[in-house]
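Chains as they are written, first to last, in this note's numbering: chain S, 302 to 967; chain F, 36 to 114.
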């Protein structure tokens, strides 16, 4: 799948192109992007070695920019997803990821050379990717440079950081009994494996990583280093000095921007332009010894590569002899949009599809890689599944004049419309489900409300139902405070300590007053909206009316929330008495022991089970070859429960539409 | 600068960087409700190691529950 970078869309000559493909890395296939210059190509290439886990999710766009900057200099750049990460196939949970990923870097270098003909290579590694790059460099020839950002120099210290994150994530979270049929609890199933914010490291990986260190001796003969350290935590300074002392040509600079690139919520991530500039200068320095050739390096014809089947990957199906197919796709007219389609086994009679819009600005794999897992799970049940990036997010192009990393892009509906058209035209599907986490849920709701041709919307932890451009992404938390805090204040009214803190100014009276004022306003709004609905007066931005319209059109609507999520309160406040009138086409589940992004596999398995139940519930538009219901079975009957305790108008919600999912029910 | 002040400053700095609303840092404030997520807390610990020269989390099995517990981990750690 080939795409032009935004310059091409705006009419000026394309600076670079990017092409996605799968390639063989020995006993497995890997997904990769190749960024190539539109003009002359140097005899130097880059392989981008990404960091691990959340840092990889958050830093995705920045890594793309590193690759584009290289390609714009005439240096082709390959970004690779290690086995079990991103869009690559799965990895065995007990496998040694560190060893396999090191070999993946070696294989990526070979693939870059095969596709572009370059001889000299620069490895660009971020965090754990830097450690992998240094390990791989030992096995490679022709490594001209190592450009590393906030490198992991000491495996033991890195693991300590990861463990701290894990300990903090487990704070106050109740145990959950997972469902092994839907992924289960990978820590319980694999002794020694640890899951870090949704991303696993096996026991073997931890054992390999613990003693690992990067030393000057790892430098391949003739290679140079460029180290971009974190200004907030400059841990690589001594390493840079030791390289220089060993006579290795080394550049060292400490820059701000790493935290904003890799360690914030992805919607706040910022491409570190000063780091991109340091990479440019480093590559220009490497090119100085071997300037761009007049005619470019000799290159392998692309058609020959495509003929080897590099555009799709085959994945295990639901039986030994069935296979899924996964392929990168490009669609849309105004902006080039990117996605990955997971296709069921050949001969599958189903004509149903699922589309995943982005979660926030997470690229199309989703938080904790959940979209990849769900897509493959549902393709095994006969569904065609598209994981797509909106314009400005992930690997889609950005509309002219719009920013990258647009959390609520105004043209999101156009992008979803393009995705729907693509999936219907290409696969002839009759029933389409939109399924999304957080803002992905919001966009699914907006699509249904706008009349797009969908049959189901599955929304997981949406945090808002209306959005005005320019509003801060966390505006909903003000509402959350107004809903939750009065209850907390009431609990503390008899506490001497609380009064002492209030009287000494530790607690802001103004804040409490603001919370109660907003609470009163919200209650008033709810009352007025319900009154208007009973008089059949339609107020603007009325979630209740919208949900009634949507379900009246036959669209199945399901909400899945983690217990304590803001969206539960908002749904109640904004839909009010309409919830009672939605009937069987509306369902809501609350899952205990889960955080906002379902970062624990045990909770994710319950989410997957619940979503699968909703995906297959009710009358199907097409009744041909429904394989999905077989697997789900009749055992999924969560208890009815009383929800919304302590919330406004708790008694008005229809009990039979609400279900609480917890470990005790399965 | 006392350990408490160092820790408090780091909480405030990271909350600002992460665009998160930090609740007042009192000893009984639950870290779970502080406004910071697990990544933010890990970032605080990593930076404090650089600042105070040790990481009390390297050997513990459970994350402290309140801000006061968190500070005590640093105050009571052998220098």
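C-beta: ideal position from N, C-alpha, C; glycine also. Being a predicted model, the structure only gives us computed values, none of them experimental.
Inter-residue Cα distance where the pair is residue i and residue j
i: residue 616/S; j: residue 687/S; result: 16 Å
i: residue 64/F; j: residue 740/S; result: 30 Å
i: residue 908/S; j: residue 760/S; result: 11 Å
i: residue 448/S; j: residue 500/S; result: 25 Å
i: residue 358/S; j: residue 664/S; result: 7 Å
i: residue 552/S; j: residue 443/S; result: 20 Å
i: residue 356/S; j: residue 563/S; result: 5 Å
i: residue 669/S; j: residue 503/S; result: 16 Å
i: residue 438/S; j: residue 521/S; result: 6 Å
i: residue 880/S; j: residue 904/S; result: 26 Å
i: residue 74/F; j: residue 461/S; result: 13 Å
i: residue 370/S; j: residue 580/S; result: 8 Å
i: residue 103/F; j: residue 97/F; result: 15 Å
i: residue 71/F; j: residue 893/S; result: 20 Å
i: residue 922/S; j: residue 731/S; result: Low per-residue confidence applies at residue 922/S: pLDDT is 40, beneath 50, and the placement is therefore not dependable, though the value from the model is reported in the following sentence. One C-alpha to the other measures close to 7 Å.
i: residue 898/S; j: residue 738/S; result: 8 Å
i: residue 873/S; j: residue 824/S; result: 11 Å
i: residue 713/S; j: residue 91/F; result: 46 Å
i: residue 494/S; j: residue 804/S; result: 49 Å
i: residue 354/S; j: residue 834/S; result: 47 Å
i: residue 878/S; j: residue 819/S; result: 20 Å
Short Cβ contact (8 Å threshold) for residue i with residue j
i: residue 735/S; j: residue 656/S; result: yes
i: residue 379/S; j: residue 333/S; result: yes
i: residue 666/S; j: residue 388/S; result: yes
i: residue 350/S; j: residue 584/S; result: no
i: residue 326/S; j: residue 408/S; result: yes
i: residue 711/S; j: residue 770/S; result: yes
i: residue 646/S; j: residue 675/S; result: no
i: residue 842/S; j: residue 767/S; result: yes
i: residue 367/S; j: residue 565/S; result: no
i: residue 453/S; j: residue 364/S; result: no
i: residue 762/S; j: residue 649/S; result: no
i: residue 708/S; j: residue 568/S; result: yes
i: residue 883/S; j: residue 848/S; result: yes
i: residue 680/S; j: residue 716/S; result: no
i: residue 497/S; j: residue 913/S; result: no
Three-state secondary structure assigned by DSSP to residue i
i: residue 846/S; result: helix
i: residue 455/S; result: strand
i: residue 766/S; result: coil
i: residue 739/S; result: coil
i: residue 483/S; result: helix
i: residue 662/S; result: coil
i: residue 644/S; result: strand
i: residue 52/F; result: helix
i: residue 815/S; result: helix
i: residue 918/S; result: coil
i: residue 330/S; result: strand
i: residue 826/S; result: helix
i: residue 882/S; result: helix
i: residue 744/S; result: helix
i: residue 91/F; result: helix
i: residue 863/S; result: strand
i: residue 317/S; result: strand
i: residue 110/F; result: helix
i: residue 943/S; result: Unreliable placement is indicated for residue 943/S, whose pLDDT of 30 sits below 50; no coordinate value is reported for it.
i: residue 626/S; result: strand
i: residue 839/S; result: coil
i: residue 851/S; result: helix
Expected contact under 8 Å - CB spacing of residue i and residue j to nearest Å
i: residue 856/S; j: residue 749/S; result: 5 Å
i: residue 395/S; j: residue 508/S; result: Their Cβ separation, rounded to whole angstroms, is 11 Å, which puts residue 395/S and residue 508/S out of contact at 8 Å.
i: residue 538/S; j: residue 455/S; result: Actually they are not in contact, since the Cβ atoms of residue 538/S and residue 455/S sit about 14 Å apart, beyond 8 Å.
i: residue 659/S; j: residue 694/S; result: 5 Å
i: residue 406/S; j: residue 413/S; result: In fact, because the Cβ distance is near 11 Å, the residues do not count as touching under 8 Å.
i: residue 80/F; j: residue 634/S; result: The pair is not a contact, with the Cβ atoms about 48 Å apart (cut-off 8 Å).
i: residue 324/S; j: residue 612/S; result: Between residue 612/S and residue 324/S the Cβ distance is about 11 Å, and since that is not below 8 Å, they are no contact.
i: residue 527/S; j: residue 446/S; result: 7 Å
Chain-ordered chain B contacts of residue i [CB-CB under 8 Å]
i: residue 893/S; result: Any reference to chain B falls outside this structure, whose protein chains are S and F.
Requested in this report: At 4 residues or longer, and completely inside the region 425 to 452 of chain S: list those alpha helix (DSSP H) runs for me, N to C.
Outcome: For the region 425 to 452 of chain S, the continuous alpha helix (DSSP H) assignments of 4+ residues that do not extend past its boundaries occur at 429 to 439, in sequence order.
Requested in this report: Return the chain-ordered ranges of every beta strand (DSSP E) run that is complete within the region 340 to 406 of chain S and spans a minimum of 3 residues.
Outcome: 345 to 350, 378 to 382
**Report entry** Every unbroken alpha helix (DSSP H) inside the region 502 to 558 of chain S [4 residues or more]
**Finding:** 504 to 510, 538 to 546
Report task. For the region 668 to 731 of chain S, list the beta strand (DSSP E) runs that are entirely contained and at least 3 residues long, ordered along the chain. Result -> Runs of the beta strand (DSSP E) inside the region 668 to 731 of chain S: 685 to 689.
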